[in-house]
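Numbering (this note's numbering), first residue to last: -2 to 447.
Backbone N, C-alpha and C define an ideal beta-carbon position, used for all residues, glycine too.
Each remark here refers to the structure printed beneath this line.
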């Protein structure tokens, strides 16, 4: 549905007609056009690229160290494949509920509130906020690490520390957030992001293969004491599901053209087939090349021409800036809606609002990232306290509640098993992640230069 700026009354009439056709609840229509957050607009292929951009962000450069090193070859490979399958399954459950009850639920919390009530709406929004905040914090840590890696290639004076690069990264992310008003406006940038992803993935892959061929036999044993291995294994299980985490599937699905469910399934199939191959390649090759000494940021381990490594790190930094915007968009949309931002996205009032509010939000992200720059620990904690509940526990229970009269006893038993299993995993992973952060906090001081 195409929209022209400055025609809000006409848009409201058009959206009213559309919502009546789709049997929407009579919510304020301005929610649908706030700051031009477009709905019903994008092709399944564009949405598939949004999802693929998320899973092939610079986070893939950490999975060799944060997933494979704590798990080893067989559990690591099997775990990643199983996590792919269950993540596709859980996301498909949410996708099927997008039009549940004869209305289209454009936010995760809207769907939860419709099924459970107002308290669930607030709880789901809280989980989402924590999830997206943690992901964004991790992105800023990644961006800072990439910038520091570029600096280290050309200077060994150690004057510039990681917290400085994190601060620079946060500033650049804020500038990008002020320039891109909504998720659908990322169209061109999605292509740019894909190019950046291919650069650092190809460089990391090729240099890892080169190092692996030239290196002596590697040690693939899982490091640590028996007690620490237990905690790191549990933490790595949270990293497995974090790899496919969005926590905002209904918000992304809200942008897709009709037919909504079938188009979203096409996007998910694209994400979990062609989309996961680059991630698999970098994760497995990185671990093969460096074994248990693999860094939590793979480009810190590779050897090669300085200009090639610099290109890869700069690409990782720029792609992170774009990917962060995807995961920050629900918060931006919420703030725009709450404060009634309407009209041209680039009017003085709206631009000033984005400078103040989005800039303030990312300032908090940046401060936390610089204070505790433990990337692997953040991934584990995010997986534990938000990915497990949002993507697996809530998805299965909502589907069970929504479809209870259409499910067989065996299907109900399966969904209840998932609810309890992932509930226990969430608790265990949270304890493990908090322990890892406590241990690292004792080893490194705040604002550490890792």
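task: Kindly indicate which residue of 125, 159 and 216 has the alpha-carbon position closest to the one of residue 66.
output: Against the chain shown, residue 66 aligns to sequence position 69. Here the closest residue by C-alpha is 216.
query: How long is the line joining the alpha carbons of residue 434 and residue 400, rounded to whole angstroms?
result: Taking the chain shown and counting its residues from 1, one reaches residue 434 at position 437. Taking the chain shown and counting its residues from 1, one reaches residue 400 at position 403. C-alpha separation (whole angstroms): 40 Å.
Expected contact under 8 Å - CB spacing of residue 140 and residue 314 to nearest Å: Residue numbering aside, residue 140 sits at position 143 when the chain shown is read from its first letter. Residue numbering aside, residue 314 sits at position 317 when the chain shown is read from its first letter. Sure, about 5 Å apart at Cβ, within 8 Å.
message: Between residue 349 and residue 386, how many whole angstroms is the CB-CB distance? I'm expecting something under 8 Å.
response: Locating residue 349 in the chain shown gives position 352, counting from the first residue. Locating residue 386 in the chain shown gives position 389, counting from the first residue. Incorrect: roughly 36 Å between the Cβ atoms, too far for contact.
Beta-carbon gap between residue 330 and residue 105 smaller than 8 Å: Here the question's residue 330 lines up with position 333 in the chain shown. Here the question's residue 105 lines up with position 108 in the chain shown. Contact: no.
- prompt: Should residue 427 be labelled buried (16 or more other beta-carbon atoms within 10 Å of its own) or exposed?
  reply: On the chain shown, residue 427 is found 430 positions in, with the first residue counted as 1. Residue 427 is buried by the Cβ-count criterion.
field: Length of the line joining the Cα atoms of residue 322 and residue 316
entry: On the chain shown, position 325 is the one that residue 322 refers to. On the chain shown, position 319 is the one that residue 316 refers to. Cα-Cα distance, rounded: 10 Å.
Candidates 174, 101 and 120: closest to residue 319 by CA position: By one-based count along the chain shown, residue 319 stands at place 322. Comparing Cα-Cα distances from residue 319 to each of 174, 101 and 120, the minimum goes to 174.
task: Taking the CB atoms as reference points, tell me whether residue 177 and residue 144 lie closer together than 8 Å.
output: Mapped onto the chain shown, residue 177 falls at position 180. Mapped onto the chain shown, residue 144 falls at position 147. Not a contact, by the Cβ cut-off of 8 Å.
- prompt: Among residues of its own chain, excluding the 5 on either side of residue 300, which ones have a beta-carbon nearer than 8 Å to its beta-carbon?
  reply: Position 303 of the chain shown, counted from the start, is the residue given in the question as residue 300. Counting only Cβ-Cβ distances below 8 Å, and skipping sequence neighbours, we find 204, 207 and 208.
- prompt: Using a Cβ-Cβ cut-off of 7 Å (strictly less than) and excluding sequence neighbours within five positions of residue 273, which residues of its own chain qualify?
  reply: As a first step, residue 273 must be located in the chain shown, where it is residue number 276. Correct list, in chain order: 52 and 81.
- request: Grab me the residues of residue 18's own chain with a C-beta within less than 7 Å of its C-beta, minus the 5 sequence neighbours each way, in chain order.
  value: Taking the chain shown and counting its residues from 1, the one referred to as residue 18 is at position 21. Note on residue 18: pLDDT 42, under 50, position unreliable in the model; the coordinate value appears next. Once the five neighbours on either side are set aside, residue 18 has no close Cβ partner at all.
message: Less than 6 Å between C-beta atoms, sequence neighbours within five positions excluded: which residues of the same chain meet that for residue 242?
response: For the purposes of this step, residue 242 is taken as the residue at position 245 of the chain shown. Correct list, in chain order: 384.
query: What residues are listed by DSSP as bridge partners for residue 39?
result: Position 42 of the chain shown, counted from the start, is the residue given in the question as residue 39. Residue 39 pairs with 253.
- request: Look up residue 438 in the DSSP assignment and say whether it is helix, strand or coil.
  value: Residue mapping note: residue 438 aligns to position 441 of the chain shown, counting from 1. Reduced to three states, the DSSP call for residue 438 is helix.
field: Beta-carbon proximity of residue 327 to residue 129, cut-off 8 Å
entry: Within the chain shown, residue 327 is the residue found at index 330, counting from 1. Within the chain shown, residue 129 is the residue found at index 132, counting from 1. Yes, these two residues count as a Cβ contact at 8 Å.
- prompt: What are the boundary residues of the alpha helix (DSSP H) that residue 176 is part of?
  reply: Within the chain shown, the letter at position 179 stands for residue 176. First-last of the alpha helix (DSSP H) with residue 176: 159 to 176.
Host alpha helix (DSSP H) of residue 329 (start-end): The residue you call residue 329 lines up with position 332 of the chain shown. First-last of the alpha helix (DSSP H) with residue 329: 303 to 335.
- request: Please confirm whether residue 146 and residue 297 have their CB atoms less than 8 Å apart.
  value: Locating residue 146 in the chain shown gives position 149, where the first residue counts as 1. Locating residue 297 in the chain shown gives position 300, where the first residue counts as 1. Yes. Within cutoff.
- prompt: Can at least three beta-carbon pairs, one atom from the stretch 365 to 384 and one from the stretch 152 to 165, be found at a separation below 8 Å?
  reply: yes
query: Should residue 399 be listed as close to the ligand FAD, given that the test is whether its C-beta is under 7 Å from any heavy atom?
result: Summarising the ligand content, the structure contains no ligands, and the ligand FAD is consequently not present.
- prompt: Three-state secondary structure (DSSP) at residue 72?
  reply: On the chain shown, position 75 is the one that residue 72 refers to. Here residue 72 sits in helix by DSSP.
message: To the nearest angstrom, how far is the alpha carbon of residue 430 from that of residue 370?
response: Counting from one through the chain shown, the residue named residue 430 turns up at place 433. Counting from one through the chain shown, the residue named residue 370 turns up at place 373. For residue 430 and residue 370, the distance between alpha carbons rounds to 14 Å.
query: In or out: residue 101 buried (at least 16 other Cβ within 10 Å) or exposed?
result: Mapped onto the chain shown, residue 101 falls at position 104. Burial call: buried.
message: Restricting to Cα atoms, I'd like to know which of 407, 49, 393 and 341 is closest to residue 194.
response: Position 197 of the chain shown, counting from 1, holds the residue named residue 194. Nearest of 407, 49, 393 and 341 to residue 194, Cα basis: 49.
message: On the criterion of 16 or more Cβ atoms from any shown chain inside 10 Å, does residue 121 qualify as buried, or is it exposed?
response: As a working note, residue 121 is residue 124 in the chain shown. Residue 121 should be labelled buried.
message: So residue 94 and residue 396 are supposed to be a Cβ contact under 8 Å. How far apart are they, rounded?
response: Here residue 94 is taken as the residue at index 97 of the chain shown, counted from 1. Here residue 396 is taken as the residue at index 399 of the chain shown, counted from 1. Going by Cβ atoms, the distance from residue 94 to residue 396 rounds to 7 Å, so yes, they are a contact pair.
Of the residues 43, 373, 137 and 261, the one placed nearest residue 191, counting alpha carbons only: Translated into positions along the chain shown, residue 191 becomes position 194. The shortest C-alpha separation from residue 191 is found at 43.
message: When you compare the CB positions of residue 107 and residue 253, do they come within less than 8 Å of one another, or not?
response: To locate residue 107, count along the chain shown from 1; it is residue 110. To locate residue 253, count along the chain shown from 1; it is residue 256. The answer is no: Cβ separation not under 8 Å.
- prompt: residue 107 lies in the alpha helix (DSSP H); which residues open and close that run?
  reply: For the purposes of this step, residue 107 is identified with residue 110 of the chain shown, where counting begins at 1. Per DSSP, residue 107 belongs to the alpha helix (DSSP H) from 105 to 113.
task: List the endpoints of the continuous alpha helix (DSSP H) containing residue 395.
output: The residue given as residue 395 occupies position 398 in the chain shown. Residues 391 to 399.
Simplified DSSP state of residue 50, which is helix, strand or coil: Against the chain shown, residue 50 aligns to sequence position 53. Looking at residue 50 - three-state DSSP - the assignment turns out to be helix.
message: Quick check on DSSP: helix, strand or coil for residue 379?
response: In the chain shown, the residue the question calls residue 379 occupies position 382. DSSP places residue 379 in helix when its eight states are reduced to three.
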